[in-house]
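Mapping of the sequence shown onto the working numbering: residues 547 to 919, in sequence order. Heads up, the thing below is written out as C-alpha coordinates.
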Amino acid sequence: SSDHLAPEQLAMWPPSGGAWVLCPWLARHHLLGPLCLLGVAIGTDVEPEVGLAGSAAVATFTVAEVKPHYGCTSAVGQERVRSYIDGLVRDRYGIITLLQVEFELKLPAGYVPFGATCGRRFADTAIALVRARDFEVLRPLGGSAVGNFSALPFVAGGRMGAPGSMCVADRQTAGTRAYAGAELRHRASGLHFCLLVGTLPHPEMRREAWTAAFRAEVEACSEDKPLLVVADTNLAGSESLRGLARSRGLDLGACSDPGRWAPPTCCNDSFAGFPVPRYKSDRTVLCGGGAVRRFFVEPDYLCGAAEEHRSTTAVVELWAKGDGDLGAWPTVAAAAVACWAAFLWFCCGCCSPARARQHACARAREPFLRIDC
547 SSDHLAPEQL
557 AMWPPSGGAW
567 VLCPWLARHH
577 LLGPLCLLGV
587 AIGTDVEPEV
597 GLAGSAAVAT
607 FTVAEVKPHY
617 GCTSAVGQER
627 VRSYIDGLVR
637 DRYGIITLLQ
647 VEFELKLPAG
657 YVPFGATCGR
667 RFADTAIALV
677 RARDFEVLRP
687 LGGSAVGNFS
697 ALPFVAGGRM
707 GAPGSMCVAD
717 RQTAGTRAYA
727 GAELRHRASG
737 LHFCLLVGTL
747 PHPEMRREAW
757 TAAFRAEVEA
767 CSEDKPLLVV
777 ADTNLAGSES
787 LRGLARSRGL
797 DLGACSDPGR
807 WAPPTCCNDS
817 FAGFPVPRYK
827 SDRTVLCGGG
837 AVRRFFVEPD
847 YLCGAAEEHR
857 STTAVVELWA
867 KGDGDLGAWP
877 TVAAAAVACW
887 AAFLWFCCGC
897 CSPARARQHA
907 CARAREPFLR
917 IDC
(Lines of atoms letter the chains of each structure in order from A; the text may use other names.)
(Lines give C-alpha, C1' and ligand atoms only; values in the text may rest on other atoms or scores of the structure.)
Protein backbone atom coordinates (compact mmCIF):
# COMPACT_ATOMS: atom_id res chain seq x y z
CA SER A 547 0.00 0.00 0.00
CA SER A 548 1.22 3.52 -0.75
CA ASP A 549 -1.08 5.24 1.72
CA HIS A 550 1.77 5.70 4.17
CA LEU A 551 3.71 7.77 1.61
CA ALA A 552 1.13 10.36 0.57
CA PRO A 553 0.36 13.24 0.49
CA GLU A 554 3.61 14.52 1.95
CA GLN A 555 5.48 13.05 -1.02
CA LEU A 556 4.25 15.90 -3.19
CA ALA A 557 6.23 18.45 -1.23
CA MET A 558 9.69 16.89 -1.50
CA TRP A 559 12.45 16.87 -4.12
CA PRO A 560 12.54 15.49 -6.77
CA PRO A 561 9.81 17.79 -8.09
CA SER A 562 6.57 16.25 -9.28
CA GLY A 563 4.20 17.01 -12.13
CA GLY A 564 3.85 20.70 -11.32
CA ALA A 565 7.45 21.31 -12.30
CA TRP A 566 6.77 20.00 -15.79
CA VAL A 567 4.25 22.84 -16.14
CA LEU A 568 6.50 25.50 -14.62
CA CYS A 569 9.64 24.63 -16.57
CA PRO A 570 8.15 24.92 -20.09
CA TRP A 571 6.71 28.29 -19.06
CA LEU A 572 10.16 29.30 -17.85
CA ALA A 573 11.67 28.05 -21.11
CA ARG A 574 9.34 30.40 -22.97
CA HIS A 575 10.23 33.42 -20.87
CA HIS A 576 13.73 32.85 -19.57
CA LEU A 577 16.98 31.26 -20.68
CA LEU A 578 17.06 29.10 -17.55
CA GLY A 579 14.14 27.08 -18.87
CA PRO A 580 16.21 24.34 -20.59
CA LEU A 581 18.25 23.86 -17.43
CA CYS A 582 15.07 23.62 -15.40
CA LEU A 583 13.68 20.95 -17.70
CA LEU A 584 16.93 19.02 -17.69
CA GLY A 585 17.11 19.13 -13.91
CA VAL A 586 13.57 17.83 -13.56
CA ALA A 587 14.09 15.09 -16.15
CA ILE A 588 17.18 13.82 -14.36
CA GLY A 589 16.07 14.60 -10.83
CA THR A 590 12.69 12.88 -10.89
CA ASP A 591 13.55 9.59 -9.25
CA VAL A 592 16.74 9.28 -11.33
CA GLU A 593 20.11 9.96 -9.80
CA PRO A 594 23.18 10.46 -12.03
CA GLU A 595 24.54 7.05 -11.05
CA VAL A 596 21.77 5.00 -12.64
CA GLY A 597 20.27 5.12 -16.11
CA LEU A 598 16.68 3.95 -16.38
CA ALA A 599 16.84 3.24 -20.09
CA GLY A 600 13.07 2.81 -20.18
CA SER A 601 13.08 -0.20 -17.91
CA ALA A 602 9.79 -1.48 -16.55
CA ALA A 603 9.47 -2.75 -13.01
CA VAL A 604 9.05 -6.51 -12.64
CA ALA A 605 8.58 -6.36 -8.86
CA THR A 606 7.48 -3.47 -6.65
CA PHE A 607 7.34 -3.36 -2.87
CA THR A 608 7.56 -0.94 0.04
CA VAL A 609 10.43 -0.55 2.51
CA ALA A 610 10.71 1.32 5.81
CA GLU A 611 13.56 2.13 8.18
CA VAL A 612 13.02 2.92 11.87
CA LYS A 613 15.93 4.07 14.07
CA PRO A 614 14.80 5.42 17.45
CA HIS A 615 18.34 5.00 18.84
CA TYR A 616 19.25 3.17 22.03
CA GLY A 617 18.48 6.40 23.89
CA CYS A 618 14.75 5.69 23.42
CA THR A 619 14.04 4.57 26.97
CA SER A 620 10.82 6.37 27.88
CA ALA A 621 7.66 4.25 27.93
CA VAL A 622 5.71 6.92 26.04
CA GLY A 623 8.32 7.21 23.32
CA GLN A 624 8.66 3.45 22.94
CA GLU A 625 4.90 3.14 22.56
CA ARG A 626 4.92 5.73 19.77
CA VAL A 627 7.54 3.65 17.95
CA ARG A 628 5.43 0.52 18.37
CA SER A 629 2.37 2.35 17.03
CA TYR A 630 4.33 3.52 13.99
CA ILE A 631 5.50 -0.03 13.25
CA ASP A 632 1.92 -1.25 13.65
CA GLY A 633 0.90 1.31 11.01
CA LEU A 634 3.52 -0.03 8.61
CA VAL A 635 2.19 -3.53 9.14
CA ARG A 636 -1.39 -2.39 8.48
CA ASP A 637 -0.17 -0.76 5.28
CA ARG A 638 1.38 -4.12 4.31
CA TYR A 639 4.95 -2.91 4.03
CA GLY A 640 7.10 -5.59 2.44
CA ILE A 641 10.24 -4.90 4.49
CA ILE A 642 10.47 -3.10 7.84
CA THR A 643 13.99 -2.51 9.16
CA LEU A 644 14.75 -1.74 12.80
CA LEU A 645 18.07 -0.17 13.81
CA GLN A 646 18.96 0.26 17.47
CA VAL A 647 15.48 -0.68 18.65
CA GLU A 648 16.46 -1.78 22.13
CA PHE A 649 13.12 -2.47 23.77
CA GLU A 650 10.51 -5.18 23.54
CA LEU A 651 8.30 -5.58 20.48
CA LYS A 652 5.79 -8.15 19.32
CA LEU A 653 6.51 -9.97 16.08
CA PRO A 654 3.82 -8.83 13.62
CA ALA A 655 1.71 -11.65 12.24
CA GLY A 656 2.76 -12.69 8.74
CA TYR A 657 6.36 -11.42 9.03
CA VAL A 658 9.63 -13.38 9.11
CA PRO A 659 12.38 -11.75 11.20
CA PHE A 660 16.13 -11.80 10.83
CA GLY A 661 18.79 -9.84 12.66
CA ALA A 662 22.19 -9.69 14.31
CA THR A 663 24.27 -7.98 16.98
CA CYS A 664 27.69 -6.37 17.07
CA GLY A 665 29.45 -6.14 20.42
CA ARG A 666 29.06 -7.16 24.00
CA ARG A 667 28.51 -4.54 26.66
CA PHE A 668 27.63 -1.70 24.27
CA ALA A 669 25.95 -3.75 21.57
CA ASP A 670 24.52 -2.45 18.32
CA THR A 671 21.58 -4.18 16.61
CA ALA A 672 20.16 -4.56 13.11
CA ILE A 673 16.84 -6.31 12.45
CA ALA A 674 14.53 -6.74 9.45
CA LEU A 675 10.92 -7.91 9.33
CA VAL A 676 10.05 -9.43 5.95
CA ARG A 677 6.44 -9.96 4.87
CA ALA A 678 6.09 -13.71 4.26
CA ARG A 679 3.37 -13.25 1.67
CA ASP A 680 5.75 -11.22 -0.50
CA PHE A 681 9.14 -12.81 0.14
CA GLU A 682 10.86 -16.09 0.86
CA VAL A 683 14.07 -15.99 2.90
CA LEU A 684 16.49 -18.24 1.04
CA ARG A 685 19.55 -17.98 3.27
CA PRO A 686 21.05 -15.72 5.93
CA LEU A 687 24.14 -13.61 5.35
CA GLY A 688 26.91 -14.39 7.80
CA GLY A 689 25.69 -15.00 11.32
CA SER A 690 22.26 -13.42 10.89
CA ALA A 691 19.57 -15.24 12.86
CA VAL A 692 16.53 -15.99 10.67
CA GLY A 693 13.03 -16.93 11.78
CA ASN A 694 13.72 -17.23 15.50
CA PHE A 695 12.34 -14.03 17.01
CA SER A 696 13.35 -15.05 20.52
CA ALA A 697 16.99 -15.10 19.40
CA LEU A 698 16.96 -11.48 18.28
CA PRO A 699 18.50 -8.85 20.55
CA PHE A 700 16.30 -6.65 22.79
CA VAL A 701 13.03 -6.92 20.83
CA ALA A 702 12.32 -10.33 22.35
CA GLY A 703 12.00 -9.75 26.07
CA GLY A 704 13.94 -6.49 26.16
CA ARG A 705 17.29 -8.20 26.75
CA MET A 706 20.43 -8.05 24.64
CA GLY A 707 20.96 -11.78 24.51
CA ALA A 708 24.25 -13.28 23.41
CA PRO A 709 27.09 -11.01 22.24
CA GLY A 710 27.46 -10.78 18.48
CA SER A 711 30.24 -10.45 15.93
CA MET A 712 28.25 -9.13 12.95
CA CYS A 713 30.24 -5.90 12.79
CA VAL A 714 30.84 -3.71 9.74
CA ALA A 715 34.25 -2.63 11.08
CA ASP A 716 36.47 -3.28 14.07
CA ARG A 717 34.39 -2.31 17.07
CA GLN A 718 37.40 -1.28 19.17
CA THR A 719 38.31 1.55 16.83
CA ALA A 720 35.18 2.27 14.75
CA GLY A 721 32.56 1.64 17.42
CA THR A 722 29.89 -1.05 17.41
CA ARG A 723 28.21 -0.97 13.98
CA ALA A 724 25.98 -3.96 13.37
CA TYR A 725 24.71 -5.42 10.11
CA ALA A 726 22.41 -8.27 9.20
CA GLY A 727 21.34 -9.66 5.86
CA ALA A 728 19.62 -12.35 3.88
CA GLU A 729 19.07 -13.45 0.32
CA LEU A 730 15.38 -13.11 -0.55
CA ARG A 731 13.13 -14.27 -3.35
CA HIS A 732 10.27 -12.05 -4.40
CA ARG A 733 7.44 -14.54 -4.67
CA ALA A 734 5.37 -12.85 -7.39
CA SER A 735 8.27 -12.27 -9.79
CA GLY A 736 10.71 -14.99 -8.75
CA LEU A 737 13.54 -12.44 -8.64
CA HIS A 738 16.33 -12.97 -6.11
CA PHE A 739 18.13 -10.15 -4.32
CA CYS A 740 20.16 -9.54 -1.17
CA LEU A 741 18.91 -7.35 1.65
CA LEU A 742 21.51 -5.75 3.89
CA VAL A 743 20.52 -3.64 6.93
CA GLY A 744 22.68 -1.95 9.52
CA THR A 745 24.82 1.02 10.53
CA LEU A 746 28.08 1.96 8.84
CA PRO A 747 31.04 3.72 10.50
CA HIS A 748 31.49 7.41 9.89
CA PRO A 749 33.04 7.88 6.42
CA GLU A 750 35.85 10.06 7.78
CA MET A 751 37.18 6.98 9.57
CA ARG A 752 39.08 6.01 6.45
CA ARG A 753 41.76 4.21 8.40
CA GLU A 754 39.20 1.76 9.67
CA ALA A 755 38.67 -0.87 6.98
CA TRP A 756 35.40 -2.75 6.72
CA THR A 757 35.76 -6.28 8.02
CA ALA A 758 36.65 -9.06 5.62
CA ALA A 759 33.38 -10.85 6.42
CA PHE A 760 31.27 -7.77 5.65
CA ARG A 761 33.17 -7.07 2.42
CA ALA A 762 32.79 -10.70 1.32
CA GLU A 763 29.00 -10.60 1.81
CA VAL A 764 28.69 -7.36 -0.16
CA GLU A 765 30.90 -8.59 -2.98
CA ALA A 766 29.12 -11.95 -3.25
CA CYS A 767 25.70 -10.34 -3.45
CA SER A 768 26.53 -7.47 -5.81
CA GLU A 769 28.34 -9.82 -8.19
CA ASP A 770 25.29 -11.56 -9.64
CA LYS A 771 22.12 -10.14 -8.07
CA PRO A 772 20.65 -6.84 -6.92
CA LEU A 773 21.75 -5.57 -3.53
CA LEU A 774 19.24 -3.60 -1.44
CA VAL A 775 20.83 -1.66 1.41
CA VAL A 776 18.71 -0.05 4.12
CA ALA A 777 21.12 1.59 6.51
CA ASP A 778 22.33 4.47 8.55
CA THR A 779 25.32 5.20 6.32
CA ASN A 780 26.56 8.12 8.44
CA LEU A 781 26.96 10.08 5.21
CA ALA A 782 26.35 13.78 5.77
CA GLY A 783 25.24 15.32 2.47
CA SER A 784 24.73 14.27 -1.13
CA GLU A 785 27.60 11.77 -1.12
CA SER A 786 26.53 8.40 -2.46
CA LEU A 787 26.77 4.97 -0.90
CA ARG A 788 28.27 3.81 -4.17
CA GLY A 789 31.08 6.35 -3.78
CA LEU A 790 31.62 5.34 -0.16
CA ALA A 791 31.92 1.69 -1.17
CA ARG A 792 34.30 2.61 -3.98
CA SER A 793 36.55 4.40 -1.48
CA ARG A 794 36.69 1.06 0.37
CA GLY A 795 37.61 -0.81 -2.81
CA LEU A 796 34.14 -2.22 -3.59
CA ASP A 797 32.32 -1.69 -6.89
CA LEU A 798 28.55 -1.82 -6.44
CA GLY A 799 27.77 -1.01 -10.07
CA ALA A 800 24.87 1.30 -10.92
CA CYS A 801 22.88 2.34 -7.84
CA SER A 802 19.67 4.19 -7.13
CA ASP A 803 20.22 6.35 -4.01
CA PRO A 804 17.53 9.07 -3.82
CA GLY A 805 18.21 9.79 -0.15
CA ARG A 806 21.06 11.95 -1.44
CA TRP A 807 18.49 14.56 -2.48
CA ALA A 808 15.92 14.02 0.26
CA PRO A 809 15.59 15.98 3.52
CA PRO A 810 18.09 15.16 6.29
CA THR A 811 17.34 12.36 8.75
CA CYS A 812 20.04 12.66 11.42
CA CYS A 813 19.76 13.48 14.22
CA ASN A 814 17.86 14.79 17.22
CA ASP A 815 20.69 16.91 18.63
CA SER A 816 18.41 19.12 20.70
CA PHE A 817 20.83 18.89 23.62
CA ALA A 818 23.41 20.68 21.43
CA GLY A 819 20.94 23.22 20.04
CA PHE A 820 20.09 21.34 16.81
CA PRO A 821 16.60 19.83 17.08
CA VAL A 822 16.24 19.63 13.28
CA PRO A 823 18.20 16.96 11.36
CA ARG A 824 21.28 18.16 9.50
CA TYR A 825 22.65 15.02 7.85
CA LYS A 826 21.33 12.76 5.07
CA SER A 827 22.53 9.60 6.74
CA ASP A 828 19.66 7.15 6.41
CA ARG A 829 19.45 5.65 2.95
CA THR A 830 17.54 3.04 1.00
CA VAL A 831 19.81 2.13 -1.90
CA LEU A 832 19.37 -0.46 -4.65
CA CYS A 833 22.35 -1.50 -6.75
CA GLY A 834 22.50 -3.85 -9.71
CA GLY A 835 19.02 -3.86 -11.19
CA GLY A 836 16.23 -1.53 -10.20
CA ALA A 837 15.32 1.80 -8.66
CA VAL A 838 14.22 3.33 -5.38
CA ARG A 839 11.18 5.57 -5.79
CA ARG A 840 9.26 7.93 -3.53
CA PHE A 841 11.88 8.07 -0.80
CA PHE A 842 10.18 9.89 2.06
CA VAL A 843 11.49 11.23 5.36
CA GLU A 844 9.00 11.49 8.20
CA PRO A 845 8.55 15.10 9.35
CA ASP A 846 8.85 14.29 13.08
CA TYR A 847 10.75 12.05 15.45
CA LEU A 848 8.87 9.13 16.92
CA CYS A 849 10.39 8.61 20.37
CA GLY A 850 11.90 12.04 20.97
CA ALA A 851 15.16 10.51 22.17
CA ALA A 852 18.54 12.19 21.87
CA GLU A 853 20.37 11.14 18.70
CA GLU A 854 17.19 9.62 17.24
CA HIS A 855 16.88 9.49 13.44
CA ARG A 856 13.76 10.30 11.48
CA SER A 857 12.14 7.26 9.94
CA THR A 858 12.03 6.76 6.18
CA THR A 859 9.84 4.92 3.68
CA ALA A 860 10.34 4.12 0.01
CA VAL A 861 9.06 2.09 -2.93
CA VAL A 862 11.57 -0.32 -4.46
CA GLU A 863 11.41 -1.60 -8.03
CA LEU A 864 13.31 -4.66 -9.20
CA TRP A 865 14.02 -5.07 -12.89
CA ALA A 866 14.59 -8.20 -14.90
CA LYS A 867 18.24 -8.95 -15.58
CA GLY A 868 19.58 -6.84 -18.43
CA ASP A 869 17.23 -3.90 -17.86
CA GLY A 870 18.70 -0.52 -17.18
CA ASP A 871 22.28 -1.47 -18.02
CA LEU A 872 22.92 1.29 -20.51
CA GLY A 873 24.45 3.50 -17.85
CA ALA A 874 23.86 7.10 -16.93
CA TRP A 875 24.79 8.95 -20.10
CA PRO A 876 22.02 7.62 -22.36
CA THR A 877 19.52 8.81 -19.76
CA VAL A 878 21.11 12.23 -19.58
CA ALA A 879 21.31 12.47 -23.35
CA ALA A 880 17.67 11.49 -23.77
CA ALA A 881 16.64 14.03 -21.17
CA ALA A 882 18.69 16.71 -22.90
CA VAL A 883 17.10 15.97 -26.28
CA ALA A 884 13.63 16.12 -24.76
CA CYS A 885 14.40 19.38 -23.00
CA TRP A 886 15.76 21.07 -26.10
CA ALA A 887 12.79 19.86 -28.12
CA ALA A 888 10.50 21.48 -25.59
CA PHE A 889 12.65 24.60 -25.63
CA LEU A 890 12.42 24.91 -29.40
CA TRP A 891 8.69 24.26 -29.37
CA PHE A 892 7.94 26.96 -26.85
CA CYS A 893 10.54 29.55 -27.84
CA CYS A 894 10.52 29.29 -31.64
CA GLY A 895 7.01 28.10 -32.28
CA CYS A 896 8.20 25.50 -34.79
CA CYS A 897 5.32 23.24 -33.87
CA SER A 898 3.09 25.89 -32.28
CA PRO A 899 0.45 28.24 -33.70
CA ALA A 900 1.49 31.33 -35.64
CA ARG A 901 0.93 33.57 -32.65
CA ALA A 902 3.57 31.69 -30.67
CA ARG A 903 5.93 31.94 -33.64
CA GLN A 904 5.51 35.71 -33.71
CA HIS A 905 6.22 35.85 -29.99
CA ALA A 906 9.47 33.93 -30.47
CA CYS A 907 10.54 36.09 -33.39
CA ALA A 908 9.89 39.24 -31.39
CA ARG A 909 12.50 38.00 -28.92
CA ALA A 910 15.03 37.19 -31.63
CA ARG A 911 17.01 40.30 -30.67
CA GLU A 912 18.52 38.18 -27.91
CA PRO A 913 21.59 36.49 -29.49
CA PHE A 914 20.96 33.15 -27.81
CA LEU A 915 17.52 32.96 -29.39
CA ARG A 916 18.57 33.59 -32.98
CA ILE A 917 17.32 30.26 -34.30
CA ASP A 918 16.12 29.83 -37.86
CA CYS A 919 12.81 27.97 -37.64
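Where is the CB? At the ideal position from N, CA and C, for every residue including glycine.
Taking 8 Å as the cut-off, the Cβ atoms of ASN814 and ALA851 count as close.
Distance from the CA atom of PHE700 to the CA atom of GLU729, rounded to whole angstroms, is 24 Å. For LEU675, there is no enclosing alpha helix (DSSP H); the residue is found in the beta strand (DSSP E) stretching over 670-677.
DSSP lists ALA715 as the beta-bridge partner residues of TRP756. Here the alpha carbons of VAL861 and VAL822 stand approximately 25 Å from one another. Note on geometry: alpha-carbon atoms of VAL612 and LEU645 lie some 6 Å from one another. Under DSSP, no beta-bridge partner is assigned to GLY623. Taking the Cβ atoms as the reference, ASP670 lies roughly 6 Å from ARG723, within the contact range of under 8 Å. In the DSSP secondary-structure assignment, ILE641 is bridged to VAL609, VAL676. Only residues of its own chain outside the window of five on either side were considered, and among them PRO823, TYR825, SER827, HIS855 have a CB closer than 6 Å to the CB of CYS812, listed in chain order. Annotation: the continuous alpha helix (DSSP H) that includes ALA791 extends over 787-793.
Going by beta carbons, HIS738 and LEU774 fall outside the 8 Å limit.
Look at ARG761 here: in three-state DSSP terms it is helix. Note that the region 631-643 touches the region 654-661; at least 3 beta-carbon pairs, one per stretch, sit closer than 8 Å. Residue environment analysis places GLN718 among the exposed positions, since fewer than 16 neighbouring C-beta atoms fall within 10 angstroms of its C-beta. Contact annotation: PRO809 and VAL843 have beta-carbon atoms nearer than 8 Å.
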